[in-house]
Amino acid sequence: MLDPVVRRFIDPPLDRAGRVLAGWGASADAVTLAGLALGLLSAGLIARGLFDLALAFLLVSRIADGLDGAVARASVKTQFGGMLDIAADFLFYGAIPLAFAVASPSENAVAAAFLLLSFYFNATTFLGFAILAEKRGMDTAAQGEKTLYYSNGLLEGTETIVFFVVLCLLPDYFPTLAYVFGGLCFITATLRLLAARRIFAN
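As structure tokens, then:
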């Protein structure tokens, strides 16, 4: 929901930084993998209960996640790069709830499982919509230039990152926050299904 608004502010500085990195010879895929590594390191720190340090790495990893597209736009965009980017995002998204479950299994495990289930459902509708949109030749730049069709929704990347930041700041509230956010993910996925039925039924 917030991605189009946020992108208007973050895209110009990201594009400038992307041109610099591309000029230095950095590849978009390398930036994607660096962002993933930092995100997984953040998850590892969460699992050890080091939430403040984890938050720092989490934020840097998401900057890298925004930079990879900027580097690609300044150099070479590939379809594989788009696939690698979304795969890295989903792996990172799944690693954070798992890390909270590892950090405190008795308090967090069931809520983390519910959150992961909601992510799984939401991701399926997201990718399914993208496939059907590709078949119809649909295009959108609301979330920036993307290899896949990014359907909008109640919860998008910006909301998820804000949610992860709040989790790191308030780790004791993970179960409650996970149930609330997971419920919103289910609503997002259901609304996307309804939209797909309206658009692709024929």
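Under my numbering, the letters of the sequence shown match residues 582 to 783, in that order.
The C-beta atom is built at its ideal place from N, Cα and C for all residues, glycine as well.
By DSSP, does E737 sit in helix, in strand, or in coil? Translated into positions along the sequence shown, residue 737 becomes position 156. DSSP places E737 in coil when its eight states are reduced to three.
Are the CB atoms of F681 and I627 within a distance shorter than 8 Å? Numbered from 1 along the sequence shown, position 46 holds the residue referred to as residue 627. Numbered from 1 along the sequence shown, position 100 holds the residue referred to as residue 681. Yes, the Cβ-Cβ distance between I627 and F681 is below 8 Å.
Between F700 and T706, what straight-line distance do the alpha-carbon atoms span, to the nearest angstrom? Counting from 1 along the sequence shown, the entry for residue 700 is found at position 119. Counting from 1 along the sequence shown, the entry for residue 706 is found at position 125. Near 10 Å, if we compare the C-alpha coordinates of T706 and F700.
For P752, count the other beta carbons within 10 Å of its own beta carbon; 16 or more makes it buried, fewer makes it exposed. Which is it? Here the question's residue 752 lines up with position 171 in the sequence shown. By the neighbour-count rule (16 or more Cβ atoms within 10 Å), P752 is buried.
Compute the Euclidean distance between the alpha carbons of G725 and G647, then round it to the nearest angstrom. Locating residue 725 in the sequence shown gives position 144, counting from the first residue. Locating residue 647 in the sequence shown gives position 66, counting from the first residue. Bear in mind that a pLDDT of 49 at G725, under 50, signals an unreliable position, so the number given afterwards is only what the model happens to contain. Looking at the two C-alpha atoms, the distance is approximately 10 Å.
Per DSSP, what kind of secondary structure is L751 in: helix, strand or coil? Start at 1 with the first residue of the sequence shown, and residue 751 comes out as number 170. Here L751 sits in coil by DSSP.
Work out the CA separation of T739 and D556 for me, nearest whole Å. What the structure shows of the chain is the stretch from 582 to 783, and residue 556 is not part of that stretch, so it cannot be assessed.
Where S608 falls: helix, strand or coil (DSSP): Indexing the sequence shown from 1 puts residue 608 at position 27. Of the three classes helix, strand and coil, the one that applies to S608 here is coil, per DSSP.
Which runs of the alpha helix (DSSP H) at least 4 residues long sit entirely within the segment 650–703? Give them in chain order. 660–684
Separation of G763 from F695, as counted between CA atoms: Here residue 695 refers to the residue found at position 114 when the sequence shown is read from its first residue. Here residue 763 refers to the residue found at position 182 when the sequence shown is read from its first residue. Going from the Cα of F695 to the Cα of G763 covers about 7 Å.
Would the beta-carbon of G625 be found less than 7 Å away from any heavy atom of the ligand HEM? Among the components of this structure there are no ligands whatsoever, and the ligand HEM is therefore not found.
Excluding the 5 residues preceding and the 5 following S623 in the sequence, name in chain order all residues of the same chain whose CB lies nearer than 7 Å to its CB. Sequence index remark: in the sequence shown, residue 623 carries index 42 (1-based). If we look at S623 and ignore the five residues flanking it on each side, its Cβ neighbours are A635, F638, L639, S642.
C-alpha distance - R600 paired with I644, whole-angstrom precision: Within the sequence shown, numbered from 1, the residue matching residue 600 stands at position 19. Within the sequence shown, numbered from 1, the residue matching residue 644 stands at position 63. Spanning the two alpha carbons is a distance of roughly 15 Å.
Quick one: using the 10 Å Cβ neighbour count with 16 as the cut-off for buried, is L602 buried or exposed? What you label residue 602 is simply residue 21 of the sequence shown in a count that begins at 1. L602 is buried by the Cβ-count criterion.
DSSP three-state label for L648, please. As a first step, residue 648 is located in the sequence shown; it is residue number 67 there, counting from the start. Of the three classes helix, strand and coil, the one that applies to L648 here is helix, per DSSP.
Take Y754 as the anchor and find which of L713, E688, P593, L614 has the nearest alpha-carbon. Here residue 754 refers to the residue found at position 173 when the sequence shown is read from its first residue. Out of L713, E688, P593, L614, E688 has the C-alpha closest to the C-alpha of Y754.
Cβ-based neighbour list, L750, same chain, cut-off 8 Å, excluding 5 preceding and 5 following: Residue mapping note: residue 750 aligns to position 169 of the sequence shown, counting from 1. Around L750: F632, L636.
Considering only C-alpha positions, which residue in the set A759, F671, Q660, E715 is nearest to A777? On the sequence shown, position 196 is the one that residue 777 refers to. Ranking A759, F671, Q660, E715 by Cα distance to A777 puts E715 first.
Cut-off 8 Å between Cβ atoms - residues of its own chain near L697, not counting five sequence neighbours on either side: Within the sequence shown, residue 697 is the residue found at index 116, counting from 1. Closer than 8 Å at Cβ, skipping near neighbours: G675, P678, L679.
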